[in-house]
Structures are given as structure tokens and as C-alpha cells.
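Peer 1: Provided herewith is a single structure, encoded as C-alpha cells, for subsequent inquiry.
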Amino acid sequence: MTAQHSSKDAPKTLCVFISVVSPVLSPDSLLTELQPLMALPEVKPEQQSDHDQPGTLPIEPPHRAHVCILKGVSYFAGDMAPFAKWMKRQFILLQLLDWVLRGAAQVMFVNNPLSGLIIFAGLILQNYWWALNGFVGTLFATLSALILQQNRGAIAAGLYGYNGILVGLLMAVFSNKGDWYWWLLLPNIFMSMMCPVVSSALASINSRWDLPVFTLPFNILVCLHMVATGHYNHHFPQVNIQPRSELPNITWAEIDLPKLFMSVPVGVGQVYGCDNPWTGGIFIIALFISSPITCIHAVLGSAVGMVSGLALAAPFGDIYFGLWGYNCVLACIAIGGMFYVLNWQVHLLAITCAFFCAYLGSAIANIMSRFGLPACTWPFCLSALTFLLITTGTNKIFKLPLAEVTYPEKNLCKFKKHKKQQKREMAEKEDNEKKKQQKAIENELILNEKEQLKLQIEQMEEGIKVSNCEVKNGPQTQDMTVIEAIQ
Amino acid sequence: MTAQHSSKDAPKTLCVFISVVSPVLSPDSLLTELQPLMALPEVKPEQQSDHDQPGTLPIEPPHRAHVCILKGVSYFAGDMAPFAKWMKRQFILLQLLDWVLRGAAQVMFVNNPLSGLIIFAGLILQNYWWALNGFVGTLFATLSALILQQNRGAIAAGLYGYNGILVGLLMAVFSNKGDWYWWLLLPNIFMSMMCPVVSSALASINSRWDLPVFTLPFNILVCLHMVATGHYNHHFPQVNIQPRSELPNITWAEIDLPKLFMSVPVGVGQVYGCDNPWTGGIFIIALFISSPITCIHAVLGSAVGMVSGLALAAPFGDIYFGLWGYNCVLACIAIGGMFYVLNWQVHLLAITCAFFCAYLGSAIANIMSRFGLPACTWPFCLSALTFLLITTGTNKIFKLPLAEVTYPEKNLCKFKKHKKQQKREMAEKEDNEKKKQQKAIENELILNEKEQLKLQIEQMEEGIKVSNCEVKNGPQTQDMTVIEAIQ
Amino acid sequence: MTAQHSSKDAPKTLCVFISVVSPVLSPDSLLTELQPLMALPEVKPEQQSDHDQPGTLPIEPPHRAHVCILKGVSYFAGDMAPFAKWMKRQFILLQLLDWVLRGAAQVMFVNNPLSGLIIFAGLILQNYWWALNGFVGTLFATLSALILQQNRGAIAAGLYGYNGILVGLLMAVFSNKGDWYWWLLLPNIFMSMMCPVVSSALASINSRWDLPVFTLPFNILVCLHMVATGHYNHHFPQVNIQPRSELPNITWAEIDLPKLFMSVPVGVGQVYGCDNPWTGGIFIIALFISSPITCIHAVLGSAVGMVSGLALAAPFGDIYFGLWGYNCVLACIAIGGMFYVLNWQVHLLAITCAFFCAYLGSAIANIMSRFGLPACTWPFCLSALTFLLITTGTNKIFKLPLAEVTYPEKNLCKFKKHKKQQKREMAEKEDNEKKKQQKAIENELILNEKEQLKLQIEQMEEGIKVSNCEVKNGPQTQDMTVIEAIQ
């Protein structure tokens, strides 16, 4: 299973949380607020059985207006499942566009075409040529997945597109030939089409530990392209990345606080290789639309990265440029509610992971620079995989099975429901056992009665025999033999 | 299982294809041509049961001459199983020679001592000292496998020798002390004897995904030796490999077409580190003898590598020297019919893999050169493993279980037979079900008849009883009770 | 299971071998000597059932003094299980100290707080600041494991501490800021606390092959810290490690034999980054106290590393400094009796592994130096893992299941006992089968008797019937029908 998010069991009602601001969500208060939403009267009966339990159905009239707003929101938030359902009946090219847009958003674990559209808008704001390369990459990666007959649900969720957009974008970003060098589209298309191959191969390995492939295919393929051609190449030269060879000039008095503050959205933008803070801001909005929890962890991760950069005495330029942020953004999203069920322990774990990721980011950037390579998102992949592999004795840190992962809010809903169901089942089991015991007692009583009746019948029969015997004694011996033979 | 090729279930008749020229084989025409061969009258009955189905036995007289030629060919083509069988009864040193020769050929996935002999001839043509080192490497690797009590079938197939020959050869090729530096034999023997250790360890890991170890032990051990000593060493200095640090001078007008054409056999020769085009040509002949499909994919792979080199603006010298070819040769052989069952989809996959391998080869060569290392066959190993890990929804790309892999032609035969047998089993199942239904109907009829007979008997008995009763009425009641008790 | 050593099934009596000198132990003579010890009268009955078989109980009087000495030794040798048991009832801080001391010794696979104490003494002899950092590292690694609720038995065995002590020590050793740079404690604590995270993640992967994580978490985290900050850093600069770029000056006449001899204890000391030969000597004593076999293999490994260094023309300075020894020490301990059951084949395997490890050490040191990194214990980890992954047809090389591993002497005892038990079970099985056969024969006899009795009864009955028939013939036909129906 290559899927981080399964699109098959997408629910018909979305759990939308427009009032969530604090990053540390109290799941209880969250769920209480959601109960009315999850019991919308418009929900069809067969869907209801998946989602709700009898007893949560009646809605109080004062909540109705609130519900209507939430319902409207549910159409474009979360994973836009109603839209995906509607899309299935449309023309194939339109579907492909949907998949490409979802693929663009899946870089941030968001399965939402509207977010994808906003992200493309942000990319266009940054650079037309990059946006074009990103689009070509996503398109051909998705097409290649179709040719290789990969899982259709995963393709429809954009899970074969997100590596493609990154490959396309970053190959354009790191090309030394400048914009509008059309030949670049050739390796772009080749590498994008290799994405599903590498994804599928990595998934074969990672699935043994129920791990996602993250952006590993992108990392592998972009590094492969960059190091295969290198800076000294006639056809596809790369920008010259050099390792640090002297002490950077860091004067704490010179620190530029507005730029430091701006580095948070820039860090989010750098996930797609964009250094424009407005583009980063647009990406944050795109995240917020789909999942506020994801959005908050993204911002938090970027901030953690910035702080780590300062702690490890990184050159200010790198921090302003968002290079310390983007890996932490992704790591914080992945651990904070996406692959683990969110609670405050998991939230702390996500922040720890972001710090570890920043450290790792600096290390990997230093190593990669020896080969003229950028760090890509290797630090995110390695740190998130490490934190997903942890086994612990506590049941507070609950890792979702890979096929169950959707988005933080729904993961929480599902988990709560699952817990409730478990409790109910436990209760039912106890009831059943009690009933069984009662039935056993009843059965015994019935059996006893039967036995008594049998005895009575036998006695009656014997009585008949005896009376017969009294009449004539001849055949008796013979008959007794027969009865013995039967027994 | 370390075995790429299992030697246990080697068939007694070989499927030889001397008329195969086109790389894209139509399996149907191939198999039709093979049918007579597979039903040779000389085949002993117990072998026949493995290979042939009754009904394919009779051969038409006109085909007899053709068959005789094919039969003669079958003795030295394919995996020379009759020879292997004959060898089992010979003196152990002769057996060891057989294993060493097979080991030499197994580098190209060929399990054939004749090919091995020809390959050694090619090596001697290239360089006596290298050939000696290769022989010593193969010999000690095989001996070490015997000491470590590895699978005897795998040893006999040369699967513990091929890493040894490469270790021996390449350590001699990259030594900076020149030829006939006898001390080199010491690390050569040590590293060759480590081959089965590393093979066995890697097989423990790769077997979890049913993957072969390819030449990974060779890659690991040669890189280990080269980087452990390095260029600046008194005992075992290595040639100085430097990373590219300036734009290579590429003038398209200066391209040397004959040399470019020659790079195809040179690429095949470079699998063993040989740059002599005649040696490469001899290797191609050695491949053709055993398996034409392998041979064609080898040439095709080398050509793909050459084209990739031109596309990525590699220095012409590297292309002429075959450095772009040898990995693609191996990758193309491995995917094209060796580990997948050949059809046109797999053929396209093999070519894609060769292109990917060429790209990867450039990348790995650039990275390894930073450590003063050659690329070895890392690119082949990584690309072939990636393409073997792909999972896909289509049943056109059929991966053979590792223990079933022999050589492309036999893989195809086996697969066809397997398919046929499946069909036959399906048909038999249907027949059986039909028969069962018929039998059920018949049984019912018989049962009905029995019932009727029973009824008649009962009626007759009742008639007797009645007549008895008429005679005397006493025991009737009693007997009826007995009958009831029985029922 | 992250545990290399399980502390749960720790025996109550220790198998101590104070008379062991030769590295190649004859297990038979060893075990004979141990028999009295294993049957101490002080052993409580329920413990006895685990360890001893009835029949080994009686001790001859002349052995009693010997036994008393051995018993005294058993309290502080091996894994000090009686002490661990006593510790469980103590105050938590005292327990924590026990865990920290065991963690310090676990670097050498020794689960013994006394050895840990001696090792800390050695560290203090080397450098106060380093010892402090090591202590802080062990402490916080253990605390972090407690927070993450890792396996309590593994924590108590010090298995979460040993990476911490190495992280703490080596971060201090390679810091360019000199001693008593207090800020270093911050990354030290962070990295130590990451140890259980990385350990747990790696264990999830390695447990699939029943492999321990060794010191991989330490290697990963120290390299991560060093390369993340690098030599050119304001806060945490590292010492400048440069790759070799010219031929080292090696004059064999200048070799310093006393220094060469001293390199053996220095090599043992370098496991903890210490170059003081006295510290190394103290470590050797610490090993001897817990397990003489471990101690011998440590010294042997260090000697093998020294020889390899000379063979590969390493600069004498590196050899004197113990850089060629410490990985071989660990590899030789791990293979020689710790994870395999010791016999002479395994002993040879351990020496081979030490040679391989030395080779690998040189290779890895050369590669790591390009990134300004030391080799750490990567060579040990990789070589030991390779040798633990070997599969072989011989049953002489027996790999213990990871959960069963304790220390070489006890591993041997267990294995012997296991073998004996298997034999006894085999014998019992045979006995049981014989008994079964006898019983079967008896049963047949009984059955035959029954049959004969039945026949007699039937004959008697028939006699009765016949006599009855003679009396009156009427109901006979009827009764026969009934009997037929029954049959």
C-alpha cells in the first residue's frame, strides 16, 4: 500500500472545525462540538450507520443555523469527499485535473483540490516557469501511475502526483540555465514518470513496517538528476552549491526581527521551493481551508526550525530564506495528528520531532553540499520515519494504520468513535455472557423436564411389557436378546 | 535463499532457440517451434512427466533432422544441465572447475561452463594478470562458500563465484602497482573469501522481498578495499580517481562514429572491467551460446547506455570507454526476461530500466569519484532492485519467484506450461464438477430405486405380518415396540 | 525487542569461571567444573527447578571450599543478578544509579554495575569533564527511556544507557571548545534523550532479523551533531578532521615496539574514546570481573586490529593511538560468545570478523573524514551485523535468540543444558513410544479375549435360539427381519 491517505472510505459528512485556534486541542471539547454536525438530518440512512450511533440523532433547534454554516464549509474543507464523489461521474480530463490539484496539495498531506488550486496560485505568484514545471511534473507522474496500473484510489487522492510536482518544481529551481529553458522539460517528464516506479518500489519496502513513502521518491530522483548532471554540464547544469569552508559572520546585533518573523511563512513556502513570503502565506491559507490542525502544526514547525537555526548558530541568511523551516513544517504536520492520533503527548512528540528534524536538516545540508546537492526533504523523511517507528509501552501515543489515515480532524473523530464502539462491544459482550448463563440455566431446566418425561414413558412401556409377559412367556427371552443387541 | 538460479530443478531437456534474432519475441511462435524439442523420444519417462504432457509426444518425420540439430545444441546451450548431471559423478577438482567456470559466467546471469570458458578466454586476451586474479577470486570465493557450508546447489550453479571473479578482476584493474604485483593476491584472497559471508548476510535481508543479491557483495567489498587503502598507501595503492571540476570539452563535430559504434561491445566487456572491443565481442558470443534473449538484451542495454551518455552530455571518452554501457547491460538482462517473464511490456520495462540505470550510473559515478572510487555496478544493482520491487495491478508483468529463475528461454517455457496447466486444471475442475453433478443425479436415481424396492419389501413384509397376525395375534404388539425402539 | 540482553530470566546462581585463561575454552571441561556450583545447597527449591536437574544435587565434601569461593565470586561477577534482585526493593534513585552503572558497562556488552563503576573510575582517570559528560549522557538517556515507557527490564539492564554514555563522552571528546564548556551540556542532554527514540526506531527494523541495535543510535546521533555544527560553528565547533591527502611517512625501522604493545589496552580504552593505556587496563579488569571470555576476546580483538593496521600500511601514530583496535574489540566480543554460542568454529569466526572489521574501519574512517567526521563505531556495527546475518548449513554455529542473550559463560551453560534437555526429551520420547507399543500389544490381547468371549456368548445364544426354534417356528421369520434391519 503506497497510500498515506485512503480515499475509498471517505465519509460523506466532514468533520470541520472552524472554531479551532489553539494548537493543543482538547479532543473532548472538540468532539462535543462536532456531535450535531455528525448527525445532520440530510445524511442518508446507509451513511448514517457508518458514522453515527442511534441516540445521537435528534438535533436541538437552536443549533440548526450553526449546522447549516458547518455543512456549507464541509463542501470545500477536509478532503472534499462529496466533490470527489461527484467528480467520479465527470469527463476523464476533468478527473485528471482533480487528481493533479489534489497531488499538488498532497505535498502537505492535504487531499483537497481547492487547496491544490490555491497552491498553484501561490506558485504562479512566485514564478510562472516553476509553476509550469510543477504542473507538468504532477501531470506526468499521475499519467505514469495510470500506465503502470497503480491503485486507482491512491491516484485519485493525488498520492502519485505530489512527488511529481516537487520533482518538476525543484528541477526548475536548481537549474542553472535560468527560466524558460524548454529542454528542461525532457528530464522533467522522464523523472516525473519515474516517480510512481520509485514510489511503488519504496512502498514495497516501507509497507513491511506500515510506513508511508513520504517524499522519498522526490528526494531520490531530484538528487539523482542533479548529481548525474552536476554543475559542469552542457545540457542540464545545476546551480553551484558549495560546502561551508569558513566561520560565518554572525553578529547578534545585526539580527533583522521583521525578516526573522517573515521566515515563518517563508519556511512554509520553501516546502515547494518558494522564497516569497506571500506565497508562503497563501500556502498557509490553503492548509487552513482543508485542516486547521495541519495549518497550526505547519506554522509551529516553521517556528521551531527558525529557533533551532538560531540555537545552532546558522547564518541569518539561511534562516531568513526559510531553509531551516520547511523540513520541520512537514515533520510537525506528519507527527502532529496525521499519522498519530492527536493528543497533548503527540503534540509534544511532534514538536520534539521538529527540533530533531532541524538538527538533522543542518547535518544533511552539510553532507549534501559536498556533492553540490541541496538537502531536499531528506531530513523530514528520515526524522518522521524515525518517529513513526517508535514503539512504546504507553497507549497514549496511538499510531493509525496507514490505510486509515485521512486528515487530523477525521483521524480524531474515527479514533473516538472506535473507542466508543469498543466500549459498547465490551458492554455487549458482558450482556451476552449474562444472557448465555441464563439460557444455560433455562436449558438445563428443560432438559430435566425432558428426562423426567422420558423416565415416565419408559416406566409406562415397562408396565406394558410386564403385562404382556404375564399373558405369555414364550418369546420373551428372544426379545430381550434383540434389545441387548440394539444397546 | 541466495540463489538467483536454482540448479536443483534443472530440466533434462533444454529449450534452445537458435533461430531467435529479434529482441521482441513472440512467445507463441517461439513455443510452437519448441514443441517438438520438448518431446524428444530420447527423453526418459520419468523426466517426461515433468516436462511434457501426453499428446505432444508424436513427432512428424520431416522435423527429425531439425530436432537432431537442436538436440546437439541443447548439450552446450542454456544451463548445460546434462553436463552438470554428468559432472556430479566426476572427481571433486573437476567439479570445482565446473563451478568456477559457471561462476565466471554468472556475472551475466549465465549458468553455463562453456560460456565461462569463453569468458576466461576473453579475459586472457585482455590481460593475463587480470585473468589470473579473476580465477583466484572465483576459486577462493567458491572454496569459502564450501567451508561456510552454503547451499550446495547454489555453489554448483556458480552463484558464490561471480562476486569472487569481479572482486579479483577489479582489484587488479584498479591497483596502482601495475601488473604482476604478487602481494595483491593476499587482499584478493581475503576479499574473495569474504564474498560468501556478505552474500549470505545480504541474502538474509533481500530474501524478505524475494530479491537476489546481484553483485552487491562485489560492490561492497571492492569499494571497501579501495577506500580502506586509497591512493596514498604504501602496500596497496589505488588508481587516482578525481571528481570532475570543470566543464568537459564536448564538440559535436569531433564525434568519432566508429568508436561510438564500438562502444557497444566495449560496454559489454566493461562488465568485467575490460576495454578491449574484441573481448567484449567474445563475451557477446558467450552469452549467445547460452541464451540468445540474454545476448540481445545485453547489446540493447549497451546501446541504451551509449545514447543516454550522449543525451546527458557526457565526455565522449567515457562513452567510448564503455563506462555508460556496462550497468545498462546488466540491468537490461536482469529485467528483460531473467527475473520477469518476457513479453513486450516487460521488454519496454527493461529498456526503461536501462535508461534509468544510465542516469543513476552517472549520478553514482559522480558521487563515488569524491571518494576516489569507481561506480562499480552499484547503478545496476540499485536500478534492477527498484524495478523488481514494483507492484502493479496488471498481470502482464509477471515476476518469477526467485527459486524458479533459470534463464529467459526456460522461464518462458515454464511460464507457458504453468499457464497451460492452470487452464487444464480449470477445465478438469469444470469437468469434475459436471461429472459430480451427473453422479449426483445417478445417485439420486439409484436411491429412488432403492426406496421403491424398500417400500415393496415393506409392503411384502406387512403382507406376511398380516397373514401371520391372522394366524396368531400375540407377539405383534411386542415386535412393533422393538421396531420403534430401533428407529 | 530492543534488548540484547534480557534481564527477566536472570538466573539466581551465576556460572563463574575464575580459572579460565585460554581464549579457546573446551566447553566440556568448563561445564564439568561448573556442575558443583550449579547445585549449591543454598539455592532455593523453586530456583533449582529452573537450573538443575535432579541427580546433580549431591556435592562431594572436598569440593565445598572451592564452592564457597566460587559462590562469593558469583555475587559480583556475571550480571550480578542477586544484586539486581536486591536493588528492586531499594529507593528509586539508587535503582537509577544501578541502571546508569550497568549502562556504562553495556557498551562492552557487560551487564554489571561493578564493572560500570570501575569503568567510570577509568574515565575519571582519563578526564573529569569527559566522565561528567558521560554520566550526564547515561542519566538522561535512561530518564528519556523511562519517559517514553520503554521496556523496564531493558532499562534495568542498562540497555538504554550505553548509547547515552557514548554520546556524552564523544561529544565532549570531539568538541573544539576544550573542557568545561558548560553550554555543551545542552546538546548533550538533547542528543542523549534522543537515544531511546532512535534505539526504539532501529529496534523496530532490526527485530525483523532478530538483530540488536548495537551502538547504531550513538553513531547516528554523534555524527548528526558533529556534521550539523561542523568545524566552522560559533556555538558548538568540532575538531577539524581532514582526509589524508599525501603518502604517510612509514619507516619500518622506526617502529616503537613498546608503544605497539601498549596499543592493545589503548585500543580497549578507545571504545570509550580514551587514549590513556591505564584507563584501557582498568577497562580490561572491569571486563574480567564480569566475564573472562569477553575479556579475552576484547584483548584479542585489539591485537587483531593492531596487526591489520600494520598489514594495511596505516600510519604508526594511528595504531599507537588505538584507532585500529576499538572496533575490533567490540566486534570480537559480539561474535565470540555473546550472540553466538562459543566453540572453536565461532572463535575463528570472531577473529575473521575482527579482521573484516579492521578493514572496514579503515574504509569508513577514510570516507567519514571527507565530512570531518570520525569513524565512531560504525565499522563494528556493520561488520557484526553482517556476521550475525550469515545463514549456514552447519549446526556448529548456533545463533542465540536475541531475548536469550546474557553473557558468554551463561550462554554456554544454557546451551549445554538445552542440549541435554533435548537429549533427555528424545530419550523419553523413545521410552514413551516403546511403552505405547507395549500397551498396544496388551490392548490387542485384551481385545482378542473380548472377541473370543463375544463369540462364545453368540454361540451360546444361537444354541438357545435353535432350541427355541425347535419349540415353535412362528415368530422366527419376523425376528430375523428385525435383526437384519439392525445390522
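Protein chains in written order, with this note's numbering: chain A, 236 to 722; chain B, 236 to 722; chain C, 236 to 722.
Glycine is no exception: its CB is placed at the ideal position from the N, C-alpha and C atoms.
In this text the structure is predicted, and so the values were computed from the model without any measurement.
(1) Using a Cβ-Cβ cut-off of 8 Å, state whether Leu583 (chain A) counts as contacting chain C.
(2) Going along the segment 647-661 of chain A in order, which residues come within less than 8 Å of chain C, judged by CB to CB distance?
(3) Report yes if the CB atom of Leu404 (chain B) is closer than 8 Å to the CB atom of Gly372 (chain B), and no otherwise.
(4) Does DSSP put Lys634 (chain C) in a helix, in a strand, or in coil?
(5) Where DSSP assigns a beta bridge to Gln780 (chain A), which residues make up the other side?
(6) Using the beta-carbon count (16 or more within 10 Å), is Gln694 (chain A) buried or exposed?
(7) Would you kindly report the start and end of the unbroken alpha helix (DSSP H) that includes Gln361 (chain C)?
(8) Tell me the start and end of each unbroken alpha helix (DSSP H) in the segment 492-559 of chain B that is at least 4 residues and wholly inside, in chain order.
(9) State yes or no: is the beta carbon of Thr291 (chain A) nearer than 8 Å to at least one beta carbon in chain B?
(10) Should Arg443 (chain C) be labelled buried (16 or more other beta-carbon atoms within 10 Å of its own) or exposed?
(11) Evaluate the contact criterion for the segment 615-624 of chain A versus the segment 471-488 of chain A: three or more CB pairs, one atom per stretch, below 8 Å.
(12) Whose CA, out of A:Asn386, A:Pro478, A:Phe449, lies closest to the CA of Pro609 (chain A)?
(13) Establish whether the CB of Phe622 (chain A) and some CB of chain C are separated by less than 8 Å.
(14) Taking 8 Å as the CB-CB cut-off, is Pro483 (chain A) touching chain C?
(15) Cβ of Phe225 (chain C) within 8 Å of Cβ of Ile485 (chain C)?
(16) Using DSSP's beta-bridge definition, name the partner residues of Tyr736 (chain C).
(17) Thinking just about the alpha-carbon of each residue, which of B:Ala619, B:Ser379, B:Ile520, B:Gly369 is nearest to the one in Asn730 (chain B)?
(18) Shorter than 8 Å from the beta carbon of Gly502 (chain B) to some beta carbon of chain A?
(19) So, using beta-carbon positions, are Cys567 (chain A) and Ala589 (chain A) closer together than 8 Å?
(20) I'd like to know whether the C-beta atoms of Cys430 (chain C) and Val462 (chain C) end up nearer to each other than 8 Å.
(21) Compare the C-alpha of Phe344 (chain B) against each of B:Lys631, B:Glu696, B:His532, B:Leu547 and name the closest.
(22) As a quick exercise: from B:Val342, B:Leu383, B:Arg387, B:Leu358, pick the residue whose alpha carbon is nearest that of Gln330 (chain B).
(23) Taking the alpha-carbon positions, what's the Asp414 (chain A) to Tyr575 (chain A) distance?
(24) To the nearest angstrom, how far is the alpha carbon of Val308 (chain A) from that of Cys563 (chain A)?
(25) With DSSP collapsed to three states, give me the class of Asn484 (chain C).
(26) Should Tyr363 (chain B) be labelled buried (16 or more other beta-carbon atoms within 10 Å of its own) or exposed?
(27) Is it the case that the Cβ atoms of Leu565 (chain A) and Pro643 (chain A) are separated by a distance below 8 Å?
(28) Is the beta carbon of Ile455 (chain A) closer than 8 Å to that of Gly607 (chain A)?
(29) Do Leu367 (chain A) and Met315 (chain A) have their C-beta atoms closer together than 8 Å?
(30) Counting along the chain, where does the alpha helix (DSSP H) carrying Gln330 (chain C) start and finish?
(31) Using a Cβ cut-off of 7 Å, which residues of the segment 578-610 of chain B contact any Cβ in chain A, in chain order?
(32) For Gly372 (chain B), which of helix, strand or coil comes out of DSSP?
(33) If we ignore side chains and look at the alpha-carbon of each, how far apart do Leu690 (chain A) and Ile681 (chain A) end up?
(34) Under 8 Å between C-beta atoms, does Gly413 (chain A) make it to chain B?
(35) What are the boundary residues of the alpha helix (DSSP H) that Phe615 (chain B) is part of?
(36) Looking at the C-beta of Leu547 (chain C), does it have a partner C-beta in chain B at a distance below 8 Å?
Peer 2: Let me lay it out:
(1) Position 348 of the first sequence holds residue 583 (chain A). It does not; no Cβ of chain C falls within 8 Å.
(2) Residues passing the 8 Å Cβ filter: none.
(3) Counted from its first residue, the second sequence places residue 404 (chain B) at position 169. Counted from its first residue, the second sequence places residue 372 (chain B) at position 137. Contact: yes.
(4) As a position in the third sequence, residue 634 (chain C) is number 399, starting the count at 1. Lys634 (chain C) falls in the strand class under three-state DSSP.
(5) Summary: the structure shown does not reach residue 780 (chain A), with chain A confined to residues 236 through 722, and so no result is reported for it.
(6) In the first sequence, the residue the question calls residue 694 (chain A) occupies position 459. When all chains shown are included, Gln694 (chain A) counts as exposed.
(7) Position 126 of the third sequence holds residue 361 (chain C). Per DSSP, Gln361 (chain C) belongs to the alpha helix (DSSP H) from 348-361.
(8) As far as the segment 492-559 of chain B is concerned, its whole alpha helix (DSSP H) runs of at least 4 residues are 492-504, 512-525, 527-546, 551-555.
(9) Residue 291 (chain A) sits at position 56 when you count from the first residue of the first sequence. At Thr291 (chain A), the pLDDT of 43 sits below 50, so the modelled position is not reliable; the number obtained from the coordinates is stated separately. So no, Thr291 (chain A) is outside the interface.
(10) The residue given as residue 443 (chain C) occupies position 208 in the third sequence. Its Cβ having fewer than 16 others within 10 Å, Arg443 (chain C) is exposed.
(11) The segment 471-488 of chain A and the segment 615-624 of chain A do not touch, with fewer than three beta-carbon pairs separated by less than 8 Å.
(12) Translated into the one-based positions of the first sequence, residue 609 (chain A) becomes position 374. Each of A:Asn386, A:Pro478, A:Phe449 was checked against the Cα of Pro609 (chain A), and the nearest Cα belongs to A:Pro478.
(13) Translated into positions along the first sequence, residue 622 (chain A) becomes position 387. Using a CB distance cut-off of 8 Å, Phe622 (chain A) counts as an interface residue toward chain C.
(14) Here the question's residue 483 (chain A) lines up with position 248 in the first sequence. For Pro483 (chain A), the answer is yes, since a Cβ of chain C falls inside 8 Å of its Cβ.
(15) This structure does not reach residue 225 (chain C), given that chain C is present from 236 up to 722, and the question cannot be answered.
(16) Chain C is shown only over 236 to 722; residue 736 (chain C) falls outside these bounds and no answer can be derived.
(17) Lying outside 236 to 722, the shown extent of chain B, residue 730 (chain B) is not represented and no answer is given.
(18) Along the second sequence, one-based indexing puts residue 502 (chain B) at 267. Chain A contact via Cβ: absent.
(19) Translated into positions along the first sequence, residue 567 (chain A) becomes position 332. Translated into positions along the first sequence, residue 589 (chain A) becomes position 354. Cys567 (chain A) places its beta carbon less than 8 Å from that of Ala589 (chain A).
(20) Counting from one through the third sequence, the residue named residue 430 (chain C) turns up at place 195. Counting from one through the third sequence, the residue named residue 462 (chain C) turns up at place 227. Result no, Cβ atoms of Cys430 (chain C) and Val462 (chain C) do not sit closer than 8 Å.
(21) On the second sequence, residue 344 (chain B) is found 109 positions in, with the first residue counted as 1. Checked all of B:Lys631, B:Glu696, B:His532, B:Leu547; the closest Cα to Phe344 (chain B) is B:His532.
(22) In the second sequence, counting from the first residue as 1, residue 330 (chain B) sits at position 95. Here the closest residue by C-alpha is B:Arg387.
(23) Translated into the one-based positions of the first sequence, residue 414 (chain A) becomes position 179. Translated into the one-based positions of the first sequence, residue 575 (chain A) becomes position 340. Asp414 (chain A) and Tyr575 (chain A): Cα-Cα distance of roughly 41 Å.
(24) For the purposes of this step, residue 308 (chain A) is taken as residue 73 along the first sequence, with counting starting at 1. For the purposes of this step, residue 563 (chain A) is taken as residue 328 along the first sequence, with counting starting at 1. Val308 (chain A) and Cys563 (chain A): Cα-Cα distance of roughly 29 Å.
(25) Reading the third sequence from its first residue, position 249 is the one you call residue 484 (chain C). The answer is coil: DSSP assigns Asn484 (chain C) none of H, G, I, E or B.
(26) As a working mapping, residue 363 (chain B) is identified with position 128 in the second sequence. Around the beta carbon of Tyr363 (chain B), a 10 Å sphere encloses fewer than 16 other beta carbons of the protein chains shown; the residue is thus reported as exposed.
(27) Along the first sequence, read from residue 1 onward, the residue named residue 565 (chain A) stands at position 330. Along the first sequence, read from residue 1 onward, the residue named residue 643 (chain A) stands at position 408. Leu565 (chain A) places its beta carbon 8 Å or farther from that of Pro643 (chain A).
(28) Taking the first residue of the first sequence as position 1, residue 607 (chain A) is located at position 372. Taking the first residue of the first sequence as position 1, residue 455 (chain A) is located at position 220. No, the Cβ-Cβ distance between Gly607 (chain A) and Ile455 (chain A) is not below 8 Å.
(29) What you label residue 367 (chain A) is simply residue 132 of the first sequence in a count that begins at 1. What you label residue 315 (chain A) is simply residue 80 of the first sequence in a count that begins at 1. Leu367 (chain A) is not a Cβ neighbour of Met315 (chain A), given a cutoff of 8 Å.
(30) In the third sequence, counting from the first residue as 1, residue 330 (chain C) sits at position 95. From DSSP, the alpha helix (DSSP H) with Gln330 (chain C) extends over 327-341.
(31) Against chain A - using a Cβ distance shorter than 7 Å - the residues of the segment 578-610 of chain B are Phe591, Tyr594, Leu595, Ser597, Ala598, Asn601, Ile602, Arg605.
(32) Position 137 of the second sequence holds residue 372 (chain B). Note: Gly372 (chain B) maps to helix in three-state DSSP.
(33) Counted from its first residue, the first sequence places residue 690 (chain A) at position 455. Counted from its first residue, the first sequence places residue 681 (chain A) at position 446. Each residue's Cα considered, the two are about 14 Å apart.
(34) As a first step, residue 413 (chain A) is located in the first sequence; it is residue number 178 there, counting from the start. Taking Cβ atoms only, chain B never reaches closer than 8 Å to Gly413 (chain A), which makes this a no.
(35) In the second sequence, counting from the first residue as 1, residue 615 (chain B) sits at position 380. Where Phe615 (chain B) is concerned, the enclosing alpha helix (DSSP H) stretches over 613-624.
(36) For this step, residue 547 (chain C) is matched to residue 312 along the third sequence. Chain B places a beta carbon closer than 8 Å to that of Leu547 (chain C), counting this residue as a contact.
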